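**Q** Here it is, the structure in full.
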Amino acid sequence: MAKDYALQFRVWLWGIEPQIWRRLLLSPELNFAELHEVIQAAFGWEDSHMHQFTIGGLTVGAPEINDDDIAGRRTLEAAEVKLRDLDFRRIASPYLLYEYDFGDAWVHQLDLETRVQFDRPEMKAAVLGGERAGPPEDCGGRHSYGDFVLSLKDPHHSEHRQNRAWVGKAFDPEKFDLGKTQKAVDRALAKCRGDYLFRQRS
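Under our numbering, residues 971 to 1172 are what the sequence shown spells out, in order.
Here's what the structure looks like:
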């Protein structure tokens, strides 16, 4: 991370109770392609759908995937925009939005909590905490997730066997593992090399 400071964000999913959230300490040198990979790893997503960041009136993402965002605005290149480019100090309660999978519409709100002194230049993202597992891909979005979780917990639910077979016995919607999450974030940042992982594969 940058030697002088880092930005502490609380990232949480809209419309889920109890909340699914992560607390991240991020280098201001992190660009938004890298931030995408950090969020994907922190919530256990598989990067199989489109996404975009909304920053005030701007949309940031991968222009070759979504030429225009859902509101028709031009998409700025995520690898060319860094957190340090944003002037958070002029906003009373600064936050960013990150939407993943426009069908399920998973909206993550990134609330900036504080700037902290940090002198670990080798680390671009530290996971400080969190609660609950990230939802599985394609489970229907926030409006369906509560029923989905209930079906996993109730062996008499009509969709229990089907949903449990789909997500596997190991999936626990209430579990969050800090160590595994940090390792996932570290791997994602190492692999992406400052850009989107999907561009490395193409």
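Each residue gets a CB set at the ideal place from its N, CA and C atoms; glycine is no exception.
Since we're looking at a predicted model, the values are computed, not measured.
Measure the C-alpha to C-alpha separation of Ala972 and Ile986 and round it to an integer number of angstroms.
**A** Since pLDDT at Ala972 reaches only 47, below the 50 mark, its modelled position is unreliable, and the value read off the structure follows with that caveat. One C-alpha to the other measures close to 33 Å.
**Q** Taking the straight line between their C-alpha atoms, what separation do you get for Glu1007 and Leu1120?
**A** 29 Å
**Q** Hey, Leu1080 and Tyr1070: beta-carbon distance below 8 Å or not?
**A** no
**Q** By how many angstroms is the C-alpha of Met1093 removed from the C-alpha of Val1086?
**A** 14 Å
**Q** Looking only at C-alpha atoms, which of His1113, Ile1025, His1021 and His1127 sits nearest to Asp1055?
**A** Ile1025
**Q** Could you have a look at Arg1044 and say whether DSSP puts it in helix, strand or coil?
**A** strand
**Q** Whether or not the segment 1003-1023 and the segment 1045-1055 are in contact is what I'm after, with contact meaning three or more pairs of Cβ atoms, one per stretch, closer than 8 Å; do they touch?
**A** yes
**Q** What are the boundary residues of the beta strand (DSSP E) that Tyr1070 is part of?
**A** Tyr1065 to Tyr1070
**Q** If you drop the 5 nearest sequence neighbours on each side, which residues of the same chain put their C-beta closer than 7 Å to that of Trp1046?
**A** In the sequence under discussion, the amino acid at residue 1046 is Leu, which differs from the Trp named in the question. These residues qualify, in order along the chain: Leu1028, Thr1029 and Val1030.
**Q** Could you have a look at Arg1085 and say whether DSSP puts it in helix, strand or coil?
**A** strand
**Q** Within the chosen definition, does the segment 1108-1125 reach the segment 1156-1167 through at least 3 CB pairs nearer than 8 Å?
**A** no
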